Amino acid sequence: MLSLHFHCQLRHGTHTLRHTSSSFTEWVLTLWRRYSISGWAARAWERIRQWGATRRALYGSTSARPKPRYNYDVLECILHHLPLHDLPQAALVCQEWALASRMPLYARLEFDSNAQSAPPLARTLRTCPNLRSLVQYLELHISIHENDTAAFDWLHLMPEGNVTELVVYHCAFDKDFTTFILRSPFIRSVRILKGTGDFIQTKEHLHGCLTLPHLESLSVYVSDGLEVIQPVPVPPKLTRLSLSSYTFPVSTIPLLAAAGPQLERFDLDSGMDPPLDEELPDFVAALEDYARQLRALTIRSKHYPEIPYADHLVHLIPTLEYLHLGYKTFSSSLYLDLPKRLHTLRLEHAVGLEFPFTNLEEMIARSGCGENSLRSLAIFVRGKECDTSPFMRIGDLCHQNGIAFSFTTYSPSVNQWSDGSFLSYK
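All the letters of the sequence shown, read from the start, carry residue numbers 1 to 426 under the UniProt record's numbering.
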């Protein structure tokens with residue numbers, strides 16, 4: 001009986017509590033509906049609840065915040081934009097920074113056989129295949145005192161498919177490092193190849209460069225008497241050919257005949273001498289017959305030709321967009337009828353010679369009226385003692401007609417002429 005009585009009392013209490021709770025809930029809801037303004041309070045409460053849940057998910061029940069971690073991808077991206085000379089210091093900060101620095105540090109690799117860093121760098125490249133696979137740009141400086149390819153044996157360990165650009169400064173004259181380099185596995189994936197100094201010593205060296213299957217740009221110094229192996233192989237993707245020599249190289253004509261139909265850019269720096277009178281007709285004919293689709297053309301030499309043959313030459317290539325001419329290769333007749341697509345004109349001049357100003361102002365004015373496509377004019381003067389006032393007037397006229405203008409004087413020294421970086425295609 002006592003148990004039954006207690007059970008009845010419990011059921012009655014529970015029913016009363018439920019009734020009281022229900023009444024209280026209805027009262028709260030009534031007040032909520034009465035005083036709620038477009039549900040603003042509900043949304044505010046929901047945001048507070050979500051914020052609390054997020055805090056608990058991130059930090060748990062403890063109040064101490066964890067140590068923040070750098071996102072590895074973001075850190076690696078930041079280090080990619082760091083100057084190359086600062087990357088070694090960045091790699092010493094901590095292990096995480098060292099790992100993130102590896103790719104930008106080894107993506108562009110410069111190896112100078114005469115530098116103190118050469119032996120340890122060579123050891124690293126011999127023993128670390130994961131680092132060798134990071135190299136995309138490779139620059140080799142072969143010292144004039146270098147006699148043995150042992151310092152470069154790691155080149156034969158470089159895998160194919162990673163290095164796309166190779167630059168070789170071959171200063172060890174009469175010593176053949178080129179054959180060793182061209183036998184390296186990685187060379188087949190190179191797209192841009194630049195060889196200076198004694199890199200091309202034989203026709204076999206030039207032939208080896210032209211057999212690279214993925215080559216798109218070849219820039220080499222060749223001796224003026226170097227012949228080519230026939231038939232001349234042409235990489236299917238080759239669109240740029242740059243030749244420099246002490247005098248006009250005899251390889252120019254057969255190379256143009258073979259590669260000209262697919263070239264977009266051709267550069268010729270014939271060093272001390274331009275094409276001779278007996279060579280000039282064949283050179284002009286080769287450009288007309290095989291390179292009429294060029295978009296960029298550079299012709300320069302340290303000495304000037306007898307006649308300004310480029311005046312006629314540019315009209316044979318109607319697709320030109322960029323034109324760089326050495327001094328005395330052109331006259332004022334050049335300005336009368338530029339190729340319709342030409343937007344960049346770069347002209348060289350030497351102190352002591354007469355610059356052809358005639359018709360230049362008319363050409364600039366026609367550009368301002370939209371009669372030609374010229375948008376950039378640059379003039380380079382060899383020699384420091386130069387009256388700049390007439391060139392400055394040309395610059396003012398260019399600015400008035402919306403043409404970018406630059407004027408540069410440079411030293412006639414052999415080193416600066418050979419470097420020519422300030423004259424490079426932009």
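Ideal Cβ placement from N, Cα and C applies to all residues, glycine included.
Small disclaimer: the values here were computed from a predicted structure and weren't measured.
A direct Cα-Cα distance of roughly 23 Å separates D311 from L255.
Counting along the chain, no beta strand (DSSP E) covers S367; the unbroken alpha helix (DSSP H) around it starts and ends at 360–368.
A contact is defined here as three or more CB-CB pairs under 8 Å, and the stretch 181–189 fails this definition with respect to the stretch 220–227. Under the Cβ criterion (8 Å, minimum of three pairs), the stretch 96–103 does not count as touching the stretch 157–166.
Collapsing the DSSP output to three states places H205 in a helix. If the five residues before and after E110 are omitted, its C-beta is found closer than 6 Å to the C-beta atoms of E139, all from its own chain and listed in chain order. C171 and I142 have their C-alpha atoms some 6 Å from each other. Closest option to N130, judged by alpha-carbon separation, among A118, E354, A107: A107. Leaving aside the five residues that flank V234 on each side, the residues in its chain whose CB is nearer than 8 Å to its CB run, in chain order, L210, A258, A259, Q262. CA-to-CA, the gap between T319 and L347 works out to about 19 Å.
The alpha-carbon separation between G208 and S411 amounts to approximately 36 Å. The three-state reading of DSSP puts F111 in strand, counting E and B together. Counting only the Cα atoms, P83 lies some 35 Å from S270. When secondary structure is reduced to three states using DSSP, A310 falls in the helix class.
Across the structure, E264 and N71 are spaced so that their CA atoms are roughly 43 Å apart. Restricting attention to beta strand (DSSP E) runs no shorter than 3 residues, the stretch 289–336 encloses them at 296–300, 322–325, ordered along the chain.
Within a 10 Å sphere around the beta-carbon of P281 sit fewer than 16 other beta-carbons, which makes this residue exposed. In the structure shown, the three-state DSSP call for H170 is strand. Within the model, the alpha-carbon separation for A378 versus G402 is close to 14 Å.
Under DSSP, Y221 shares a beta bridge with S244. In this structure, the straight-line span from the alpha carbon of T164 to that of E371 is close to 41 Å. Sixteen is the threshold: when 16 or more other Cβ atoms of the shown chains lie within 10 Å of the Cβ of V168, as they do, the residue is buried.
Per DSSP, the continuous beta strand (DSSP E) segment holding R265 begins and ends at 265–269. About 7 Å separates the Cβ atoms of T409 and G383, confirming a contact at the 8 Å cut-off. Within the DSSP secondary-structure output, A378 pairs in a beta bridge with R346, S406. In this structure I317 does not touch L338 by the C-beta definition: roughly 11 Å separates them, more than the 8 Å allowed.
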